[in-house]
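Residue 735 is where the sequence shown ends in the working numbering, and the numbering goes up by one at each step.
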Amino acid sequence: MCLHDLVQKGARLAGRIIAGLSVVFCALQSVAGAGPAAPELTWREWAPAQEQARGNNRPLFVLCGPEHGLLVNELYYSVLCRPAVAAELTKNFILAYLPPEREDIVRQYAVTRFPTILFLTYNRGWQEEDRREGFTGEAELLELIEEVKKKRFTYRALKARTESGNASAKEWQLFAERCHRQNKRAEARAAWARLSELNPAEAPHYRQQEALLAVEESLEQPQPPAPFIESLAGITGAKAQELRARAYLQARDLPAAAAAIDQLLRDYPAYPETPAFLYTLALSFAESADTQLQAAGVFDALARRYPQRVYGRIAALLLREAAASGDGRRTLGRAVSRRAAIAPDSGAFFRALSRWSEQEIFPILLGDKDDPLNRKFLAAFQPSEVEMLPAGPDRRWSEDEIRAMVSKAGKEAAGLRGIVFTRVQDSGLPAAAALVAARGQALEFWPAPETHAHLLSWSRAGELRRMVRAAVARRQSAAAPIEAITLAADLPYRCNGPWGGIRAFDDYCARDADGIADILTGRLIGSAAQCVYQAMCALFLSPRRALFFNTYDQQAPPWSQYRTDQAARMVGAVMPVTNIDSGQATLRRWQEEMRAGNVFGFVLVQSSGGKHDWKVSDGQARAADIPVSVPAVVHFTQSGSAADPYDGATIAGAWLGHGAYIYYGAVAEPFVQAFNPPEEIAGRLLAGQSYARAFRKFQGNFSYPWKLFFVGDPLAGIADPDARGEDPSLHRVSE
Numbered sequence: 001m002c003l004h005d006l007v008q009k010g011a012r013l014a015g016r017i018i019a020g021l022s023v024v025f026c027a028l029q030s031v032a033g034a035g036p037a038a039p040e041l042t043w044r045e046w047a048p049a050q051e052q053a054r055g056n057n058r059p060l061f062v063l064c065g066p067e068h069g070l071l072v073n074e075l076y077y078s079v080l081c082r083p084a085v086a087a088e089l090t091k092n093f094i095l096a097y098l099p100p101e102r103e104d105i106v107r108q109y110a111v112t113r114f115p116t117i118l119f120l121t122y123n124r125g126w127q128e129e130d131r132r133e134g135f136t137g138e139a140e141l142l143e144l145i146e147e148v149k150k151k152r153f154t155y156r157a158l159k160a161r162t163e164s165g166n167a168s169a170k171e172w173q174l175f176a177e178r179c180h181r182q183n184k185r186a187e188a189r190a191a192w193a194r195l196s197e198l199n200p201a202e203a204p205h206y207r208q209q210e211a212l213l214a215v216e217e218s219l220e221q222p223q224p225p226a227p228f229i230e231s232l233a234g235i236t237g238a239k240a241q242e243l244r245a246r247a248y249l250q251a252r253d254l255p256a257a258a259a260a261i262d263q264l265l266r267d268y269p270a271y272p273e274t275p276a277f278l279y280t281l282a283l284s285f286a287e288s289a290d291t292q293l294q295a296a297g298v299f300d301a302l303a304r305r306y307p308q309r310v311y312g313r314i315a316a317l318l319l320r321e322a323a324a325s326g327d328g329r330r331t332l333g334r335a336v337s338r339r340a341a342i343a344p345d346s347g348a349f350f351r352a353l354s355r356w357s358e359q360e361i362f363p364i365l366l367g368d369k370d371d372p373l374n375r376k377f378l379a380a381f382q383p384s385e386v387e388m389l390p391a392g393p394d395r396r397w398s399e400d401e402i403r404a405m406v407s408k409a410g411k412e413a414a415g416l417r418g419i420v421f422t423r424v425q426d427s428g429l430p431a432a433a434a435l436v437a438a439r440g441q442a443l444e445f446w447p448a449p450e451t452h453a454h455l456l457s458w459s460r461a462g463e464l465r466r467m468v469r470a471a472v473a474r475r476q477s478a479a480a481p482i483e484a485i486t487l488a489a490d491l492p493y494r495c496n497g498p499w500g501g502i503r504a505f506d507d508y509c510a511r512d513a514d515g516i517a518d519i520l521t522g523r524l525i526g527s528a529a530q531c532v533y534q535a536m537c538a539l540f541l542s543p544r545r546a547l548f549f550n551t552y553d554q555q556a557p558p559w560s561q562y563r564t565d566q567a568a569r570m571v572g573a574v575m576p577v578t579n580i581d582s583g584q585a586t587l588r589r590w591q592e593e594m595r596a597g598n599v600f601g602f603v604l605v606q607s608s609g610g611k612h613d614w615k616v617s618d619g620q621a622r623a624a625d626i627p628v629s630v631p632a633v634v635h636f637t638q639s640g641s642a643a644d645p646y647d648g649a650t651i652a653g654a655w656l657g658h659g660a661y662i663y664y665g666a667v668a669e670p671f672v673q674a675f676n677p678p679e680e681i682a683g684r685l686l687a688g689q690s691y692a693r694a695f696r697k698f699q700g701n702f703s704y705p706w707k708l709f710f711v712g713d714p715l716a717g718i719a720d721p722d723a724r725g726e727d728p729s730l731h732r733v734s735e
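Printed below as a string of structure tokens:
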């Protein structure tokens with residue numbers, strides 16, 4: 001198994017790592033807005049890119065790899081988007097993105113690893129000038145771009161020199177090293193052998209390089225022979241030490257792997273490939289409960305040694321996430337009154353909000369007592385009295401007045417937990433004010449005009465993301481990082497990705513300049529009354545009954561990794577759980593469970609389909625099969641269920657309209673591996689993490705800007721039994 005495969009394997013282990021870590025690491029500081037802006041990169045599909053490159057007499061720069069791949073995204077965000085690299089690319093090349101699905105082209109150019117960068121020039125056909133496999137740093141890529149521009153010391157130029165018989169020893173060594181890096185093993189072996197002939201004094205060194213090549217090749221097999229570990233005994237150098245550690249790791253000898261990596265760090269502290277290898281080593285340690293402390297130590301070493309590399313920053317985030325366990329169970333810092341109030345308008349709502357005190361808060365709903373959502377909340381919260389408020393002043397509030405009202409209602413906090421974005425005249429304004437006051441957050445006013453109906457371009461999404469990150473940078477400190485942002489306004493929720501396709505705009509907003517998620521995101525959706533309902537449920541209610549409805553085949557991967565039986569047993573320790581597995585997850589069983597409406601406060605459905613329909617074991621269900629519901633948290637593992645959450649005829653829209661106050665799903669086809677398995681979700685929730693944190697991926701494939709979308713307060717979580725209102729799942733409701 002190659003290093004890339006190990007990294008991919010690690011993407012499935014986030015929950016186990018976080019659950020087992022106990023090391024506290026300082027928070028990352030935002031780098032948004034630092035340095036000059038990079039020019040926008042324009043990527044084209046294969047055929048249009050070739051046509052434009054020939055028409056403009058320019059070479060092709062081809063990026064090959066899956067759009068969700070960890071290394072592909074690391075390369076894109078932390079190298080290609082850097083101003084110096086982006087300027088060279090836009091000035092000198094036509095950019096083409098080549099997904100693995102184009103198997104004909106991938107085979108034509110013998111691409112075997114992702115990511116791979118190809119430099120192609122046209123001369124009676126497209127010819128490979130050079131390539132890079134795996135992650136390539138900024139300095140190395142800039143040097144290679146310069147060589148390609150001058151056609152000097154590229155793979156093609158060096159190959160021509162060696163074939164001519166006139167190559168110098170230096171050129172032969174450059175060619176050998178280039179072939180080695182590009183996985184052209186036969187050519188590399190021949191070059192090392194030729195160097196032994198040209199320079200007999202260095203022949204032992206060149207033979208060692210051949211031996212390293214053989215070991216490296218053996219490690220890509222499922223079970224490398226043990227003799228290869230022994231064959232490294234007499235070879236020194238950073239590469240040999242890394243291969244030694246990799247061999248021990250692949251043989252599952254974790255103590256020996258740890259010792260080898262310790263020596264590597266001591267003897268070669270600047271070894272450039274160490275970050276990726278340390279990351280895979282830590283993931284392997286995290287698989288076993290006996291070695292999780294070692295995993296924490298390796299992650300800590302990564303974060304300290306490589307604070308600017310993606311692996312180091314992900315390690316720091318994992319450590320921070322481990323320290324954040326319990327965030328979803330934090331109290332509101334004040335007593336919760338058993339009375340509730342209903343405001344007929346926003347003026348009355350703000351007047352009631354001003355009655356929150358340092359000692360006590362109470363729920364405030366918007367609309368009237370007969371509103372279906374308000375009735376659901378009251379049935380769940382069971383207030384001792386409901387106060388019907390008189391109408392408030394009908395006026396336009398200024399930003400300063402809103403801030404003053406929120407400040408009066410809020411409780412002084414040691415540090416801000418989050419930022420809530422809204423607009424003065426938006427339906428989300430009252431709910432935004434309540435979340436700011438209740439959770440000790442900052443209030444920001446969104447200046448951009450686009451609404452949820454807009455599909456943002458990648459460049460426009462980037463502009464808005466930078467605006468969000470600038471606000472985060474202004475508000476946070478190293479000692480008190482911003483944990484979450486909430487979009488409480490009618491804002492775009494979709495954007496085009498860098499290579500096409502739909503991404504979730506909210507997920508992109510959570511990212512720093514390297515595409516790493518270090519902030520939780522959520523949004524409130526719907527009318528002013530619905531947004532307030534979502535906020536009040538998140539603040540004052542918690543589920544006490546759960547449903548797992550799993551339509552996936554339990555035998556076939558990757559769906560077999562999404563079994564719900566173990567997650568149901570875990571959650572069953574704290575609340576009643578109904579687990580319906582494949583074969584039993586039929587439409588009839590669903591309808592039986594939902595005959596009197598959904599009574600489950602937590603619902604996790606695993607299915608397939610689109611925004612209007614979802615598969616059950618005996619056919620298809622539709623959004624119309626989603627019933628009225630108690631206040632609920634809903635997680636839908638399926639393609640496109642949140643493609644249009646503003647439409648009540650879709651799956652997400654139906655759940656939100658019928659009573660869900662949190663919904664997690666996909667805006668487009670995300671692949672099932674983009675979702676955390678139920679066992680990971682259960683472990684995180686039971687550790688006290690918020691729903692948004694438990695549902696999200698923070699590492700591995702799909703951890704970069706992707707297609708999953710969280711509706712609701714991102715700081716809400718399962719509360720301790722006596723911390724919130726009465727069990728909402730005990731009350732059957734109908735409309």
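Glycine residues also receive a C-beta, built at the ideal position from the N, C-alpha and C atoms.
Check	Outcome
Alpha-carbon to alpha-carbon, Leu319 and Glu483	14 Å
Phe119, enclosing beta strand (DSSP E) - first and last residue	116 to 122
Opposing strand residues paired with Pro498 [DSSP bridges]	Gly500
Contact between the segment 602 to 613 and the segment 625 to 640 (3+ Cβ pairs under 8 Å)	yes
Alpha-carbon to alpha-carbon, Glu592 and Leu265	60 Å
Cβ contact check for the segment 451 to 463 and the segment 414 to 423: 3 or more pairs under 8 Å	no
Unbroken alpha helix (DSSP H) run spanning Glu163, endpoints	155 to 164
Euclidean distance between Cα positions of Asn183 and Arg156	15 Å
Rounded distance between the beta-carbons of Asn550 and Ala573, thought under 8 Å	Actually they are not in contact, since the Cβ atoms of Ala573 and Asn550 sit about 19 Å apart, beyond 8 Å.
Under the three-state DSSP convention, the category Leu40 falls into	The sequence given here places Glu at residue 40; Leu does not occur at that position. Residue state, collapsed to three classes: coil.
Status (buried if at least 16 other CB within 10 Å, exposed otherwise) for Met388	exposed
Environment of Glu74 [buried if 16+ CB atoms lie within 10 Å]	buried
Separation of Leu70 from Glu744, as counted between CA atoms	Lying before the first or after the last residue shown, residue 744 is absent from the chain, which here runs from 1 to 735.
Assigned exposure category for Gln8 - 16 Cβ within 10 Å defines buried	Because Gln8 sits at a pLDDT of 34, beneath the cut-off of 50, its placement in the model cannot be relied upon, and the following sentence gives the value as read from the coordinates. With 16 or more Cβ atoms within 10 Å of its Cβ, Gln8 is classed as buried.
Cβ contact check for the segment 334 to 348 and the segment 296 to 307: 3 or more pairs under 8 Å	no
Member of Leu443, Ala340, Trp46 whose CA lies at the smallest distance from the CA of Glu401	Leu443
Close Cβ partners of Asn579 (< 7 Å) along its chain, the five nearest in sequence each way excluded	Phe548, Thr564, Asp565, Ala568
Per-residue burial, Thr236 [other beta carbons within 10 Å of its own, 16 or more giving buried]	exposed
Continuous beta strand (DSSP E) stretch holding Met594: start and end	Per DSSP, Met594 belongs to no beta strand (DSSP E) and is neither H nor E.
For Val215, three-class secondary structure by DSSP	helix
Pairwise C-alpha distance: Val148 and Asp644	46 Å
Alpha helix (DSSP H) segment containing Thr90, residue limits	83 to 92
For His180, the first and last residue of its enclosing alpha helix (DSSP H)	169 to 181
Contacts around Ile516, its chain only, beta-carbon distance under 6 Å, and the 5 residues preceding and following it disregarded	Arg313
Proximal residues to Gly737 (C-beta, below 7 Å), its chain only, five neighbours per side dropped	Because the chain is modelled from 1 through 735, residue 737 falls outside the range shown and cannot be assessed.
Buried/exposed call for Gln108, threshold 16 Cβ in 10 Å	exposed
Stretch pair the segment 697 to 710 + the segment 651 to 669: three plus CB contacts closer than 8 Å	yes
Buried/exposed call for Ser736, threshold 16 Cβ in 10 Å	Residue 736 falls outside the range modelled here, since the chain spans only 1 to 735, and no answer is possible.
Neighbour-count burial assignment, Asn166, 16 or more Cβ in a 10 Å radius	exposed
DSSP three-state assignment for Gly15, whether helix, strand or coil	For Gly15, the predicted model reports a pLDDT of 35, less than 50, meaning its position is unreliable and no value from the coordinates is stated.
Stretch-stretch touch, CB-based, cutoff 8 Å, three pairs: the segment 609 to 628 with the segment 554 to 561	no
Unbroken beta strand (DSSP E) run spanning Leu604, endpoints	602 to 606
Neighbour flag for Ser607 against chain B, beta carbons, 7 Å	The displayed structure is made up of one protein chain only, and chain B is not part of it.
DSSP three-state assignment for Thr280, whether helix, strand or coil	helix
Proximity to Ser231 [Cα-Cα], best of Ala461, Arg82, Glu216	Glu216
Sub-7 Å separation of Ala348 and Ala301 beta-carbons	no
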